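All remarks here apply to the structure that follows.
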Ligand SMILES: [Zn+2]
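Numbering (the working numbering), first residue to last: 18 to 130.
Listed below in structure tokens is the structure:
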């Protein structure tokens, strides 16, 4: 292998490594997007469950004169879990996004409701 061939091969290899790096970044961004979308959907699902639970409680109160002690809403626990995992559960544009380690007062507000 002569010297110019060595340089050519090095340049080729460098181009390959750069391409792999670019693909890696794209894949990473896509994964973050998908996970955040997944979390947003899960939160929406929890909110629907909460709504249904509330409606059931209202119906029970209307239909039943005795006070029915219902177990704490299960969806609250799931929201707390998602928050612990590091995602925003507060409404607005941050909804479902990764908190990147920051605490969020709006999220904590949702949990204390
Ligand atoms: Zn938040």
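All C-beta atoms in this analysis are idealised placements derived from N, C-alpha and C, irrespective of residue type, glycine included. Owing to the predicted nature of the structure, the values given are computational and were not obtained by experimental measurement.
Under the 10 Å beta carbon count, residue 56 is surrounded by 16 or more other beta carbons and is classified as buried. Counting other Cβ atoms within 10 Å of its Cβ, residue 103 stays below 16 and is therefore classed as exposed. Contact check for residue 76 and residue 92: beta-carbon distance about 18 Å, past the 8 Å limit, so the pair fails to qualify. Of the heavy atoms belonging to ligand 1, none sits nearer than 7 Å to the Cβ of residue 96. Going by DSSP, residue 117 is part of no alpha helix (DSSP H) at all; its letter is neither H nor E.
Residue 99 has its CB no nearer than 7 Å to any heavy atom of ligand 1.
Between residue 22 and residue 114, the gap from beta carbon to beta carbon reaches 8 Å or more.
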